[in-house]
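Everything in the sequence shown is counted per this note's numbering, starting at 3 for the first residue and increasing by one. For every residue, glycine included, the Cβ atom is placed at its ideal position computed from N, Cα and C. Computed from a predicted structure; not experimentally measured. Contents: one structure, followed by commentary.
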Amino acid sequence: MPKLLILGDIHAEGRALLASRPDMQFEIVASPSEVDVRNGMRDAEAVILRKADLRADTIGLASRLRMISRHGVGLDNIDMDAATARGIPVSVVGDASSSSVAEHAMLLMLAAARRLHAAERLARTTDPGTRADFIDRRNHLGMSDLAGKCVLIVGFGRIGRGVAKRCAAFEMSVIVADPFATTDAYRHVVDFNSALPEADVVVLCLPAAAQASPLIGAGELARFKSGAILVNVARGSLVDEQALADALRSGHLRNAATDVWAHLPPALDHPFRAFEDMVLTPHCAPLTEECMARVAVLSVRNVLDYFDGRLDRRFVVNPEVLG
3 MPKLLILGDI
13 HAEGRALLAS
23 RPDMQFEIVA
33 SPSEVDVRNG
43 MRDAEAVILR
53 KADLRADTIG
63 LASRLRMISR
73 HGVGLDNIDM
83 DAATARGIPV
93 SVVGDASSSS
103 VAEHAMLLML
113 AAARRLHAAE
123 RLARTTDPGT
133 RADFIDRRNH
143 LGMSDLAGKC
153 VLIVGFGRIG
163 RGVAKRCAAF
173 EMSVIVADPF
183 ATTDAYRHVV
193 DFNSALPEAD
203 VVVLCLPAAA
213 QASPLIGAGE
223 LARFKSGAIL
233 VNVARGSLVD
243 EQALADALRS
253 GHLRNAATDV
263 WAHLPPALDH
273 PFRAFEDMVL
283 TPHCAPLTEE
293 CMARVAVLSV
303 RNVLDYFDGR
313 LDRRFVVNPE
323 VLG
């Protein structure tokens, strides 16, 4: 009977699917420590990875490991070289979280453009007796429409395509930047830098890459259109956080919004905390009830399909190990 180790709790629908398969033995470690991971991996034949890191030394300990199923799509917590060298397929959940993250990108974009935090503070805190001051402040919130604006979407994978479709529905002019993808539906550029000066909104939707410096640093921010908005639903490491804070402080950028961070939780003295109107969320874009159910079911389904001999190659990020 194959043993499945689940690192991090999963939605009840995923657990129910596992419970329907008496031929699978599984263990859930809701909040795994490094010791839990190393001990559990010694006899696991498959892993569903939500929390924890699988580095080369940990994978090396797992002599029985045959398959890794990612509870999500990010791979920055897996040593892919080590898994591939061992012939271990690594699967992701495909489109299961894409629509939820794309929706969240629109939430961030709208909140940043409409200065939602400033509007809410005014509605919640103003003394109702000061009507003239209230009206004056309301009339000078400095909100902006999305319709008619130009959005540059950096990364045209599943999430980027979802954001592009939604931005088009908001009557925005859409530019997509991706050296590995093409599209006839929107204007396409290979190098995002070429489109920075004309974009009113820049949305990062690409995976983190092994690189010496962030994708968006002081130099790139200087090329942004004055008054632009930056939205990041990709990876925190893609942006030089201090450089972004400097661009906001100088007024070169109108606003910014992020769901991702270099480190979570952010430090109390994190530079983003100084900006009351910056829209900040704690890497929760895919954490809707519906998305968590989809992700759990598909991450479990990938494991079951592997042992049933029918794993869908479309969900495998290193298909060369399948032969």
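Collapsed DSSP secondary structure at residue i in the structure displayed
i      : result
Lys151 : coil
Ile137 : helix
Met174 : coil
Leu127 : The residue you asked about is not Leu; residue 127 is Thr in the sequence shown. In this structure, Thr127 counts as helix in the three-state DSSP scheme.
Met69  : strand
Asn320 : coil
Phe28  : strand
Asn304 : helix
Arg88  : coil
Ile161 : helix
Leu208 : coil
Val275 : Here residue 275 turns out to be Arg, not Val, going by the sequence shown. Helix, per DSSP.
Ser35  : coil
Leu289 : coil
Ser215 : coil
His142 : coil
Ser93  : strand
Ala259 : strand
Lys5   : strand
Anticipated Cβ contact below 8 angstroms, residue i with residue j, distance rounded
i      : j      : result
Ile8   : Val31  : 7 angstroms
Arg296 : Ala98  : 4 angstroms
Ala259 : Met111 : 7 angstroms
Ala201 : Ala230 : 6 angstroms
First through last residue of the beta strand (DSSP E) which encompasses residue i
i     : result
Leu51 : Ala48 to Leu51
Start-to-end residues for the alpha helix (DSSP H) that takes in residue i
i      : result
Thr60  : Ala58 to Leu63
Asn234 : Counting along the chain, Asn234 falls outside any alpha helix (DSSP H), though it belongs to the beta strand (DSSP E) covering Ala230 to Asn234.
Leu112 : Ser100 to Ala115
Through-space distance from residue j to residue i, alpha-carbon basis
i      : j      : result
Arg312 : Val299 : 16 angstroms
Thr86  : His73  : 18 angstroms
Ser101 : Ile161 : 7 angstroms
Leu282 : Asn304 : 33 angstroms
Val192 : Met294 : 33 angstroms
Ala121 : Phe277 : 15 angstroms
Leu51  : Ala183 : 28 angstroms
Val153 : Ala220 : 20 angstroms
Asp83  : Gly89  : 10 angstroms
Ala264 : Asp271 : 14 angstroms
Ile70  : Pro288 : 20 angstroms
Leu324 : Ala18  : 28 angstroms
Gly10  : Gly131 : 51 angstroms
Asp45  : Ile155 : 43 angstroms
Arg237 : Asp310 : 34 angstroms
Leu255 : Ile12  : 39 angstroms
Any non-hydrogen atom of the ligand SAH within 8 angstroms of residue i CB
i      : result
Phe277 : Judged by which ligands are present, the structure shown has none, so any question about the ligand SAH falls away.
Within 9 angstroms, strictly: CB atoms of residue i and residue j
i      : j      : result
Met108 : Cys207 : no
Met145 : Arg117 : yes
Glu243 : Pro273 : yes
Val235 : Val103 : yes
Ala166 : Phe158 : yes
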